[in-house]
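In the numbering used here, the protein residues as written are 205 to 496.
Glycine is no exception: its CB is placed at the ideal position from the N, C-alpha and C atoms.
And the structure:
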């Protein structure tokens, strides 16, 4: 009896199962009916812009690997601003408010301009229970010569964690970083910082100031413009005052430089008021001497 041999057809291909890559994002997050403190403050201060920005930010965070947003990346920043339909200045106002109400992490934002929302991660914890990848973790900051960097750095398959700098070197690096910062910025920055009407986002302000010094901008004029702007902002609500970095960038400080004609007009008004006070006090008008 002839044996029959089964042959593998030429068109039958071997099926290879490829594991799905680990995923550090989510497709949805809960939107609770009772918004709580965060939404109340945002709507009170910024109206619908505040409400929309917050949920657009959560959407971007949920769709970003590791669920953390780096404000320093210009392309990502522009995407968020376009998605939320607000300008950068208003976005910074809203973010600072979110920091104030503990909606986003204060340390990561102030030191490295990273946006991390622990509540968002906690609310989507169930989505990671059946996944190979772990729940995203808040990066730990460590100070290097170049500034603050996150220790937890995603690379390769998205699961590895790389320690960028040894822990024992942290103190030494931090002292060196502080020393370098002191040596880099001129003492005039402190003068500007003290006269400016809104002391917020100092890290951004220092970067903008360093760029101006590198470009050899007229520092004395900038400080005087800051003084003049402070006078303009008398009685103005803090949220409507420009951030220091915004004031310094793109020559916006020039919008608040008083011309010689303006200064002369102010001096004439002050002289006239002083003369009236002199006469009203019963003094001889011919003996009036104006000392500004």
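### Query
Helix or strand or just coil, what does DSSP make of residue 261?
Collapsing the DSSP output to three states places residue 261 in a helix.
### Query
If you check the beta carbons only, do residue 462 and residue 432 fall under 8 Å apart?
Residue 462 places its beta carbon less than 8 Å from that of residue 432.
### Task
Could you spell out where the alpha helix (DSSP H) holding residue 243 opens and where it closes?
Run containing residue 243: 240-250, per the alpha helix (DSSP H) assignment.
### Query
Run through DSSP, which three-state label would residue 492 get?
Residue state, collapsed to three classes: coil.
### Query
Can you give the beta carbon distance from residue 287 to residue 253, rounded, assuming they're within the 8 Å contact cut?
With 8 Å as the limit, residue 287 and residue 253 do not qualify as a contact, their Cβ atoms being about 13 Å apart.
### Query
Quick one: what does DSSP say residue 426 is sitting in, helix, strand or coil?
Of the three classes helix, strand and coil, the one that applies to residue 426 here is helix, per DSSP.
### Task
Apply the 10 Å Cβ neighbour rule to residue 242 and answer buried if 16 or more other Cβ atoms are within range, or exposed otherwise.
So residue 242 counts as buried.
### Task
Could you work out which residue in 331, 410 and 405 is closest to residue 392 when comparing CA atoms only?
With distances taken between Cα atoms, residue 392 lies closest to 410.
### Query
From 330, 329 and 322, pick the residue whose C-alpha is nearest to that of residue 343; which is it?
For the options 330, 329 and 322, the alpha carbon positioned closest to that of residue 343 is the one of 322.
### Query
According to the neighbour-count rule (16 or more other Cβ atoms, all chains shown, within 10 Å of its Cβ), is residue 422 buried or exposed?
Residue environment analysis places residue 422 among the exposed positions, since fewer than 16 neighbouring C-beta atoms fall within 10 angstroms of its C-beta.
### Query
By how many angstroms is the C-alpha of residue 262 removed from the C-alpha of residue 277?
Here the alpha carbons of residue 262 and residue 277 stand approximately 17 Å from one another.
### Query
If we count the other Cβ atoms within 10 Å of its Cβ and call it buried at 16 or more, is residue 273 buried or exposed?
Around the CB of residue 273, 16 or more other CB atoms lie within 10 Å, so the residue is classed as buried.
### Message
Pop quiz: residue 314 and residue 245 are said to be a contact at Cβ under 8 Å. What is the actual Cβ separation, rounded to whole angstroms?
### Response
About 19 Å separates the beta carbons of residue 314 and residue 245, which is beyond the 8 Å limit, so they are not a contact pair.
### Query
So, are the CB atoms of residue 312 and residue 318 less than 8 Å apart?
Between residue 312 and residue 318, the C-beta spacing is below 8 Å.
### Same chain, Cβ closer than 7 Å to residue 505, neighbours up to 5 away in sequence not counted
Since the first residue shown for the chain is 205 and the last is 496, residue 505 is missing from the structure and cannot be characterised.
### Query
So what does residue 274 bridge to, in DSSP terms?
DSSP lists 318 as partners of residue 274.
### Task
Going by CA-CA distance only, name the one from 270, 425 and 260 that's closest to residue 281.
Nearest to residue 281 by C-alpha distance, out of 270, 425 and 260, is 260.
### Query
What number of angstroms, rounded off, separates the C-alpha of residue 457 from the C-alpha of residue 444?
Going by C-alpha positions, residue 457 is about 16 Å away from residue 444.
### Task
Return the CA-CA distance between residue 485 and residue 476, expressed in angstroms with no decimal places.
Linking residue 485 to residue 476 through their CA atoms gives a straight-line distance of about 14 Å.
### Message
Here's the rule: buried if 16 or more other CB atoms are within 10 angstroms of the residue's CB, otherwise exposed. What is residue 283?
### Response
Classification of residue 283: exposed, given that the 10 Å Cβ count is below 16.
### Task
For residue 266, count neighbouring Cβ atoms within 10 angstroms of its own Cβ and tell me buried if that reaches 16, exposed if not.
Burial state of residue 266 is buried, judged by a 10 Å Cβ sphere holding 16 or more other Cβ atoms.
### Query
So what does DSSP say about residue 431, is it helix, strand or coil?
Here residue 431 carries a helix assignment [DSSP, helix/strand/coil].
### Message
I need the DSSP call for residue 392, collapsed to helix, strand or coil.
### Response
If DSSP states are grouped into helix, strand and coil, residue 392 belongs with the helices.
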